[in-house]
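Residue numbers (the numbering used here): 7 to 165.
All C-beta atoms in this analysis are idealised placements derived from N, C-alpha and C, irrespective of residue type, glycine included.
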């Protein structure tokens, strides 16, 4: 019987399978951006207004380009520790006025009565609406950016 050396009884050392990955992850820890010196929050007189435009008369099946503008402000520049809890801070001042697909593509569109309007287009793109049945409809939009807002309401007659 041969003698077994104590070295042969030790479990093999674990060798990292991805030593480069481990080093990269450690290096990323040092790449975090420092907190901003200033942020923007809604000022005491802040307002956010969304105005939509849709033709008042449409034909069944007609595809119509939706239009909207969003106006907001004023914004106040403060240090992060001065911000009121619960407000969404911005590191850059949001644009005071936006229009076109920058707005229509990120609004939540509402139609009453529901079930007869089909919206096309992807988020952050031009949006259109098409009605499948004649009638009177109310159309409105809600915005979540940069703060919540509900638009004007338009009555549309579809023939």
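- According to the DSSP assignment, residue 90 belongs to no alpha helix (DSSP H), since it is labelled neither H nor E.
- Assigned with DSSP and collapsed to three states, residue 77 falls in strand.
- Taking all protein chains shown into account, residue 78 has 16 or more neighbouring C-beta atoms within 10 Å of its C-beta and is therefore buried.
- Taking residue 157 as reference, the option from 39, 74, 70, 119 with the minimal CA-CA separation is 74.
- Taking residue 54 as the centre and dropping the five residues before and after it, the same chain places the C-beta of 78, 153, 155 closer than 6 Å to its C-beta, in chain order.
- Across the structure, residue 62 and residue 163 are spaced so that their CA atoms are roughly 6 Å apart.
- Secondary structure of residue 134 (DSSP, three-state): strand.
- With respect to the C-alpha of residue 141, the residue from 85, 118, 57 having the closest C-alpha is 118.
- Rounded to whole angstroms, residue 116 and residue 76 show a C-alpha spacing of 17 Å.
- When secondary structure is reduced to three states using DSSP, residue 43 falls in the coil class, being assigned neither helix nor strand.
- Assigned with DSSP and collapsed to three states, residue 165 falls in coil, not helix or strand.
- Per DSSP, reduced to three states, the secondary structure at residue 154 is coil, with no helix or strand assignment.
- Under a 10 Å Cβ-count criterion, residue 113 is classified as buried, with 16 or more other Cβ atoms of the shown protein chains found around its own Cβ.
- For residue 82, same chain residues with a beta-carbon under 6 Å away, outside a window of 5 residues either side, are 47, 49 in chain order.
- The three-state secondary structure of residue 110, taken from DSSP, is helix.
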